[in-house]
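A.B. asks: As numbered in the UniProt record's numbering, residues 1 to 103 make up the sequence shown, in order.
For each residue, glycine too, the CB sits at the ideal point set by N, CA and C.
First the structure, then my questions, so here it is.
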Amino acid sequence: MHAGSQLKSVKNRVDQVDEENFVYGYTLIEGDALVMEKLEYVSYEVKFEAAEDGGSKNKMVSKYHTKGDFALQEEDIKAGREKALGMYKVVEAYLLQNPDAYA
């Protein structure tokens with residue numbers, strides 16, 4: 001994890017890679033991001049689309065699978081969204097600085 005991150009480890013499972021439609025699905029199955037007594041796992045589906053400015057944008061759907069009768073609060077969902085966005089920003093910054101890494 002990057003410096004300053006509250007997370008020490010995460011483990012994801014890749015569920016779907018659809019190169020034709022630019023869709024990527026994965027599931028967070030282990031790690032600090034899961035509050036183990038509350039969440040069983042979190043699944044994500046990310047779809048990349050062309051942006052008008054010539055770049056790209058993505059849309060992400062997150063599905064939280066809780067344990068037992070636990071109900072997530074809106075602030076929990078917002079915190080998870082911010083963590084995911086932070087990860088994307090780190091990856092984006094790396095790729096912009098290292099264009100040969102994905103060429």
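(1) Could you please give the first and the last residue of the uninterrupted beta strand (DSSP E) stretch that includes Lys11?
(2) Among residues of its own chain, excluding the 5 on either side of Ala51, which ones have a beta-carbon nearer than 6 Å to its beta-carbon?
(3) Would you kindly work out how many angstroms separate the C-alpha atoms of Ser9 and Gly31, rounded to a whole number?
(4) Would you give the residue range spanned by the alpha helix (DSSP H) that Tyr102 belongs to?
(5) Which of the three DSSP states, helix, strand or coil, is assigned to Tyr38?
(6) Check His2 in the structure and name its three-state DSSP category.
(7) Does DSSP put Glu49 in a helix, in a strand, or in coil?
(8) With DSSP as the reference, identify every bridge partner of Met60, one or two as the case may be.
C.D. replies: Judging by the given coordinates:
(1) In the sequence shown, residue 11 corresponds to position 11, counting from 1. Judged by DSSP secondary structure, Lys11 falls within the beta strand (DSSP E) whose first and last residues are Val10 to Asp18.
(2) In the sequence shown, residue 51 corresponds to position 51, counting from 1. So the list reads Lys57, once near-sequence residues are dropped.
(3) Here the question's residue 9 lines up with position 9 in the sequence shown. Here the question's residue 31 lines up with position 31 in the sequence shown. Each residue's CA atom was taken as its position, placing Ser9 and Gly31 some 5 Å apart.
(4) As a working note, residue 102 is residue 102 in the sequence shown. Careful: Tyr102 lies outside any alpha helix (DSSP H) and carries neither H nor E.
(5) Along the sequence shown, one-based indexing puts residue 38 at 38. One point to set straight first is that residue 38 is Lys, not Tyr, in the sequence displayed. Three-state result, Lys38: coil.
(6) Residue 2 sits at position 2 when you count from the first residue of the sequence shown. Caution is warranted here: a pLDDT of 46 is assigned to His2, below 50, making its placement in the model unreliable, and no coordinate value can be reported.
(7) Numbered from 1 along the sequence shown, position 49 holds the residue referred to as residue 49. The three-state reading of DSSP puts Glu49 in strand, counting E and B together.
(8) The residue given as residue 60 occupies position 60 in the sequence shown. Bridge partners of Met60 according to DSSP: Val46.
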